[in-house]
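Chains as they are written, first to last, in the numbering used here: chain L, 1 to 94; chain A, 95 to 188; chain C, 189 to 335; chain W, 336 to 482.
Don't be surprised by glycine CBs; every beta carbon is placed ideally from N, CA and C.
Being a predicted model, the structure only gives us computed values, none of them experimental.
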Amino acid sequence: MAVYSPLVTTKGTISTLMTIKAKFFATLRESLNIEQVDVNSDEVANVTDVWRVATAGEPMPDHVLCSVNLEHMPADTVVKDGDEIAFFPPVTGG
Amino acid sequence: MAVYSPLVTTKGTISTLMTIKAKFFATLRESLNIEQVDVNSDEVANVTDVWRVATAGEPMPDHVLCSVNLEHMPADTVVKDGDEIAFFPPVTGG
Amino acid sequence: MSVHIFPDPFVPADILSAHESSLTAGSFGATASFVGTMRDFNEGDDVTSMTLEHYPEMTAKQLQQIIERSIQDFDIQDALIAHRVGQINPGEPIVLTAVWSAHRAAAFDACRFLMEALKSEAPFWKKETLSDNSQRWVEKNTPGYSD
Amino acid sequence: MSVHIFPDPFVPADILSAHESSLTAGSFGATASFVGTMRDFNEGDDVTSMTLEHYPEMTAKQLQQIIERSIQDFDIQDALIAHRVGQINPGEPIVLTAVWSAHRAAAFDACRFLMEALKSEAPFWKKETLSDNSQRWVEKNTPGYSD
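Quick look at the structure:
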């Protein structure tokens, strides 16, 4: 899970410094040579943004599947602080 | 299996004194109180005849299934010496 | 391919593993199997035991033919049918069908074919004993395809 | 219902019988099961071993959801999925799905649903090692319905 760092602001309310975790599996993990990377949540609005930031701008191959918090989701899904995003090729289990 | 009794006729050719075996299963065996009976092959042409002779004229209930030599066959199938005929209700295995 | 008729209780897993040990490991990718088990209720009544009558010579022949048809009609490597006869208690297996193939579609299709074919063609008849000791014949098998 | 992920070889019959011992004997009439086994060939090539990668937290969640959907959508009593991960040798089981129900149609339908759902949704990826020690990822699962 992402690490939450609570900060007390000058106004006394509690804010958090958050990250989004990006994971890569199988062929993507091998070709990008990334297994897992944290992305600053300020820089991203949706899953596609997470890919762009995490891969430093690599084009997303066709047929890449995405998950948000362990559920299959489309690439335009809006992300939020603390989300775990994963990218992987078509599954081949069973 | 039926017992074959070869006979030499006066003309020197070989004839046989044969029977057809009739078997009854499940509800039919219980209601007719017949498990197995031999029928003289001279008296019958087809499976329906075998039923008539074997049961002494009991009407054949609806949905009775017939087999000839261990294969499912319709009631109008012609029978021959040495055949094994069976009568039974719809099957309920498995 | 093999056909088994058991007058006493049998363990499906043992039959499967014995059969599978005769196949070449690594040669098949899919095994579909089905076990029919005696329930302790039927049509709203408690059933305490069951007697399975059959026509032994015809049973053996019909089951063998059903297996041969499955191997002819589906892209499978091998198939097995085991069936119990005689007196059966609730919880005991009645029937086992199993199919081995390269791919799953044929295994599923053929395994189901074996069950439907034996339920409509193999000469078995079930007689149930109810909790008041009365007996009744099961009248008819229902079709096993939902579509 | 239960989901098992095995990093080491497992024996489908043992998983089935352990699960079945938790069910009430006599309460179910039908058990359909499927085992996927590693073959020693694929697409014309000899395969000497396979590595199954997965996404552990998502795998567990997806398989659990697939079982819940099967219980919701089919008239069944219980269901089970077991899946191997890590390095696998030819002849070893990869996946087991099993369903218990009153009648056979639902058992067959649900068992097949479990396989199709996990093959298209559960985050597993196969990498094959060929006889020349080269490795390749399996690209895509084929659909398992023949119709």
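- A residue is called buried once 16 or more other Cβ atoms fall within 10 Å of its Cβ, and Q250 of chain C is buried on that count.
- Neighbours of S125 of chain A in chain C, taken as residues whose beta carbon is under 7 Å from its own, are absent, since the nearest beta carbon is some 10 Å off.
- One thing to note: A248 of chain C has its Cβ within 8 Å of the Cβ of I193 of chain C.
- Bridge pairing for N46 of chain L: L:V78 [DSSP].
- The beta carbon of S319 of chain C sits closer than 7 Å to the beta carbons of D234, T236 from its chain, once the five residues preceding and following it are set aside; these are given in chain order.
- L415 of chain W: member of the beta strand (DSSP E) spanning 413-419, first to last residue.
- Residue environment for V172 of chain A: exposed (fewer than 16 other C-beta atoms within 10 angstroms of its C-beta).
- Note that the C-beta distance between A270 of chain C and I255 of chain C is not below 8 Å.
- Scanning chain W for C-beta atoms nearer than 8 Å to the C-beta of A201 of chain C yields A348, L351, S352, reported in chain order.
- Each residue's CA atom was taken as its position, placing S469 of chain W and T432 of chain W some 31 Å apart.
- Minimum Cα-Cα distance from K80 of chain L among the listed residues L:V39, L:P89, L:A56 corresponds to L:V39.
- DSSP places R300 of chain C in the uninterrupted alpha helix (DSSP H) bounded by 292-309.
- The way I'd put it, the region 162-170 of chain A doesn't touch the region 114-126 of chain A; fewer than three beta-carbon pairs between them come closer than 8 Å.
- Within chain C, the C-beta atoms nearer than 9 Å to that of A180 of chain A come from Y243, M246, P311, in chain order.
- For A120 of chain A, the neighbours in chain C by C-beta distance under 7 Å run, in chain order, E241, W313, W325.
- Residues of the same chain with a CB within less than 7 Å of the CB of F216 of chain C, apart from the 5 flanking positions on each side, are Q265, W288, S289, A290 in chain order.
- Within the same chain, and ignoring the five residues on either side of T142 of chain A in sequence, the residues whose Cβ sits closer than 6 Å to its Cβ are A169.
- Of A:I179, A:T121, A:K117, the smallest CA-CA separation from V326 of chain C is found for A:T121.
- Taking a C-beta cut-off of 8 Å against chain A, the contacting residues of the region 277-292 of chain C are I282, V283, listed in chain order.
- Within 10 angstroms of the beta-carbon of K115 of chain A lie 16 or more other beta-carbons, which makes it buried.
- At least one C-beta of chain C is nearer than 8 Å to the C-beta of T372 of chain W.
- L204 of chain C places its beta carbon less than 8 Å from that of S221 of chain C.
- Judged by DSSP secondary structure, R29 of chain L falls within the alpha helix (DSSP H) whose first and last residues are 26-32.
- Note on geometry: alpha-carbon atoms of A353 of chain W and F345 of chain W lie some 13 Å from one another.
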